[in-house]
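Undergrad: Position in the sequence shown (from 1) plus 378 gives the number in the working numbering.
For every residue, glycine included, the Cβ atom is placed at its ideal position computed from N, Cα and C.
Take this structure first; my questions come after.
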Amino acid sequence: MTDKIIVHDIEYLIKRTERSSLGITVERDGKVTINAPLRADLKAIERFVSSKTIWIRQKLAYKSRTNRERVRRDFVSGQGFLYLGKSYRLRLISNGTGFVDQKGVSTSLRLHNGYFELSEREKEKGKALFIKWYRKQTEDQLRVRIPRYGHRIGVSVKDFRVLDLGNRWASCGKRGALNFSWRTVMAPIQVFDYILAHEMAHMIERGHTENFWRIVSRVISDYEDHKTWLQVHGVELNI
Ligand SMILES: [Zn+2]
379 MTDKIIVHDI EYLIKRTERS SLGITVERDG KVTINAPLRA DLKAIERFVS
429 SKTIWIRQKL AYKSRTNRER VRRDFVSGQG FLYLGKSYRL RLISNGTGFV
479 DQKGVSTSLR LHNGYFELSE REKEKGKALF IKWYRKQTED QLRVRIPRYG
529 HRIGVSVKDF RVLDLGNRWA SCGKRGALNF SWRTVMAPIQ VFDYILAHEM
579 AHMIERGHTE NFWRIVSRVI SDYEDHKTWL QVHGVELNI
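If you want it as structure tokens, here you go:
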């Protein structure tokens with residue numbers, strides 16, 4: 379029997395076998411498996427994992443560095459693309475005319491039944507199509523989430539833009555306007571919310587002062603986990 383648990387934003391697969399102690403394996407692809415005795419109780423497993431978090435993060439950071447070079451984006455079937463923290467495989471579809479999305483708009487790329495589907499004849503434009511798709515998703519998320527966090531933090535965002543900000547996630551523009559990278563929507567939604575709350579907190583406090591972090595922690599109490607997650611996995615949020 380296998381279970382999944384999430385501790386401090388890291389997902390673990392629990393493999394129960396006839397063994398007497400707990401062990402952790404960090405796979406090359408970044409999957410973390412806990413090898414546990416058949417009857418090990420979940421609370422005990424969580425405590426064990428929690429005590430190893432620093433070690434696991436170091437391992438993951440190392441794997442992610444060594445994997446970075448290997449990430450090749452040539453838009454062939456089977457490649458994984460991130461969306462809200464999950465990886466979806468790409469399928470090239472030879473349908474000539476592209477697809478129609480839920481709103482009846484024709485498109486050459488869509489997320490459908492757990493796969494990214496890309497029209498074969500648009501393969502050369504793969505990168506541009508993905509960026510366009512990520513931008514749209516980022517905009518949709520922001521439209522819903524900005525008012526929510528604006529209300530809680532007590533600021534009013536006048537406008538936002540989704541851009542390519544290089545290696546930055548977001549920036550705070552003049553007169554209540556915010557900029558976000560289209561890459562942010564590749565992160566898990568909790569991390570996305572942290573990026574958003576972080577930027578909105580800058581509307582009150584420009585620097586990373588104690589007061590700044592107090593504002594962030596009021597709305598995202600476990601923000602440190604998300605900050606660390608970005609340090610470890612940030613490089614993977616790219617195509
Ligand atoms: Zn900042």
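1) For a test of your reading of the model: does the CB of residue 619 fall under 7 angstroms from any non-hydrogen atom of ligand 1? Yes or no.
2) For residue 477, which residues does DSSP report across the bridge?
3) Going by beta carbon distance, what residues of the same chain come within less than 7 angstroms of residue 551, once the five residues before and after it are set aside?
4) Would you say the beta carbon of residue 586 is closer than 7 angstroms to some non-hydrogen atom of ligand 1?
5) Measure how close the beta-carbons of residue 430 and residue 411 come, nearest whole angstrom, since I'm counting them as under 8 angstroms.
6) In terms of residue numbering, what span does the beta strand (DSSP E) encompassing residue 495 cover?
7) Between which two residues does the beta strand (DSSP E) containing residue 389 stretch?
8) For the beta strand (DSSP E) that residue 548 lies in, which residues bound it at each end?
9) With 16 as the cutoff for other CB atoms within 10 Å, does residue 434 come out buried or exposed?
10) For ligand 1, is there a heavy atom less than 7 angstroms away from the beta-carbon of residue 529?
11) Name the DSSP beta bridge partners of residue 461, please?
12) Identify every residue that forms a DSSP beta bridge with residue 559.
13) Quick one, are the C-beta atoms of residue 489 and residue 512 less than 8 angstroms apart?
14) Return the chain-ordered list of same chain residues with a C-beta closer than 7 angstroms to the C-beta of residue 388, the five sequence neighbours on each side being excluded.
15) Classify residue 598 as buried or exposed, calling it buried when 16 or more other Cβ atoms lie within 10 Å of its own Cβ.
16) Relative to the alpha-carbon of residue 517, which residue among 559, 578 and 602 has its alpha-carbon at the smallest distance?
17) Heavy atom of ligand 1 less than 7 angstroms from the Cβ of residue 576, yes or no?
18) Can you give me the C-alpha to C-alpha distance between residue 485 and residue 532, rounded to a whole angstrom?
19) Just reading off the alpha helix (DSSP H) that residue 427 is part of, what are its end residues?
20) Measure the alpha-carbon distance for residue 422 versus residue 575 and round it to whole angstroms.
TA: Put simply:
1) Shown here, the chain extends from 379 to 617; a query on residue 619 therefore has no answer.
2) Here residue 477 refers to the residue found at position 99 of the sequence shown. Partner residues in the beta bridge of residue 477, as assigned by DSSP, are 485.
3) Position 173 of the sequence shown holds residue 551. Take residue 551, set aside five residues on each side of it, and the residues of its chain with a beta-carbon closer than 7 angstroms to its own are 557, in chain order.
4) Taking the first residue of the sequence shown as 1, we reach residue 586 at position 208. Checking every heavy atom of ligand 1 against the Cβ of residue 586, one is found closer than 7 angstroms.
5) Position 52 of the sequence shown, counted from the start, is the residue given in the question as residue 430. Position 33 of the sequence shown, counted from the start, is the residue given in the question as residue 411. Actually they are not in contact, since the Cβ atoms of residue 430 and residue 411 sit about 13 angstroms apart, beyond 8 angstroms.
6) Mapped onto the sequence shown, residue 495 falls at position 117. It spans 493-497 - the beta strand (DSSP E) in which residue 495 sits, taken as one unbroken run.
7) If you number the sequence shown from 1, residue 389 lands on position 11. Residue 389 -> beta strand (DSSP E) spans 388-395.
8) Here the question's residue 548 lines up with position 170 in the sequence shown. Run containing residue 548: 548-550, per the beta strand (DSSP E) assignment.
9) The residue labelled residue 434 in the question sits at position 56 within the sequence shown. Under this definition residue 434 is a buried residue.
10) Your numbering for residue 529 matches position 151 in the sequence shown. Checking the 7 angstroms criterion, the Cβ of residue 529 is out of range of every heavy atom belonging to ligand 1.
11) Sequence index remark: in the sequence shown, residue 461 carries index 83 (1-based). Looking at the DSSP assignment, residue 461 forms a beta bridge with 464.
12) Along the sequence shown, read from residue 1 onward, the residue named residue 559 stands at position 181. Beta-bridge pairing by DSSP links residue 559 to 541.
13) Position 111 of the sequence shown, counted from the start, is the residue given in the question as residue 489. Position 134 of the sequence shown, counted from the start, is the residue given in the question as residue 512. No; because the gap between Cβ atoms is not below 8 angstroms, this pair is not in contact.
14) Here residue 388 refers to the residue found at position 10 of the sequence shown. Here the set comprises 410 and 434.
15) Against the sequence shown, residue 598 aligns to sequence position 220. The residue in question, residue 598, is buried, as its Cβ has 16 or more Cβ neighbours within 10 Å.
16) Stepping through the sequence shown from its first residue, residue 517 is reached at position 139. Of the listed residues, the one whose Cα sits closest to residue 517 is 559.
17) One-based indexing of the sequence shown puts residue 576 at position 198. At least one heavy atom of ligand 1 is nearer than 7 angstroms to the Cβ of residue 576, so yes.
18) Within the sequence shown, the letter at position 107 stands for residue 485. Within the sequence shown, the letter at position 154 stands for residue 532. Taking the straight line from one Cα to the other gives about 38 angstroms.
19) Locating residue 427 in the sequence shown gives position 49, counting from the first residue. First-last of the alpha helix (DSSP H) with residue 427: 420-429.
20) Locating residue 422 in the sequence shown gives position 44, counting from the first residue. Locating residue 575 in the sequence shown gives position 197, counting from the first residue. Distance between residue 422 and residue 575, taken at the CA atoms: about 33 angstroms.
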